[in-house]
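Residue numbers (the numbering used here): 158 to 408.
Right under this line is the structure:
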């Protein structure tokens, strides 16, 4: 964040970047006469990433320069759970949950003044979320076996690029752009069986949403001699796969 009275003869960059990844892995294996097992993996990333400029910004205009206010967020959030079991009687479960619900904001504060007659002003926010959840459950029993495998992937970034209310901006060009890309992938597999009884369930869910906004606040005075571009773009993709194999007299 840069606020107050700022004067520069060249470029001014206000940048904020978060490219951290979160990974969770859990695995379990049991063998015996009677087995009960649950394996859970959870990966979550949240928080706000902000690039902000405010107050009075003056660029001397001696040469073509640029005021850049840029916030970016990316990274992989992944959870993997594996459960295996063998014995006379058994029940096992594997659950993986991966979630990314962070926010990205690039903005000018309310009542800011930017004097950049011969220079460009760029306010951009970008989020690229990649979320993966995978669970595998395998069980083998000489008598009865019950198993469940669940994977849930959620990607919901909130992206905002904006000029605050009551701003006065003079510039050669202005760009206010927000872009949100969210990908959610969930995959599950449950297999097993018992001589007498085999029951298995596989559930996979992928939820991908991006809330993206770009705006110029009320009561702002913009004097742009060249191109002015204000836009918001959202791209989402979801993939969910579930498979299961069960054997037994009752299956």
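From the three backbone atoms N, C-alpha and C, an ideal C-beta is built for every residue, glycine too.
Buried or exposed by the 16-neighbour rule on C-beta atoms within 10 Å, applied to residue i
{"i": "residue 348", "result": "buried"}
{"i": "residue 190", "result": "exposed"}
{"i": "residue 172", "result": "exposed"}
{"i": "residue 315", "result": "buried"}
{"i": "residue 224", "result": "buried"}
{"i": "residue 251", "result": "buried"}
{"i": "residue 257", "result": "buried"}
{"i": "residue 222", "result": "buried"}
{"i": "residue 162", "result": "exposed"}
Residues that DSSP places opposite residue i in a beta bridge
{"i": "residue 380", "result": "327"}
{"i": "residue 364", "result": "311"}
{"i": "residue 166", "result": "DSSP lists no partner for residue 166."}
{"i": "residue 340", "result": "287 and 394"}
DSSP state of residue i mapped onto helix, strand, coil
{"i": "residue 398", "result": "strand"}
{"i": "residue 211", "result": "coil"}
{"i": "residue 408", "result": "Caution applies to residue 408, whose pLDDT of 49 falls short of 50 and renders its modelled position unreliable; the model cannot decide the point."}
{"i": "residue 355", "result": "strand"}
{"i": "residue 206", "result": "strand"}
C-beta atoms of residue i and residue j nearer than 8 Å
{"i": "residue 276", "j": "residue 332", "result": "no"}
{"i": "residue 388", "j": "residue 324", "result": "no"}
{"i": "residue 341", "j": "residue 365", "result": "yes"}
{"i": "residue 441", "j": "residue 248", "result": "Past the edges of the chain, shown from 158 to 408, lies residue 441, and the structure says nothing about it."}
{"i": "residue 268", "j": "residue 230", "result": "no"}
{"i": "residue 317", "j": "residue 359", "result": "no"}
{"i": "residue 209", "j": "residue 272", "result": "no"}
{"i": "residue 344", "j": "residue 286", "result": "no"}
{"i": "residue 195", "j": "residue 254", "result": "no"}
Limits of the unbroken beta strand (DSSP E) element including residue i
{"i": "residue 296", "result": "270-312"}
{"i": "residue 173", "result": "169-175"}
{"i": "residue 192", "result": "179-202"}
{"i": "residue 224", "result": "223-257"}
{"i": "residue 368", "result": "368-373"}
{"i": "residue 317", "result": "315-320"}
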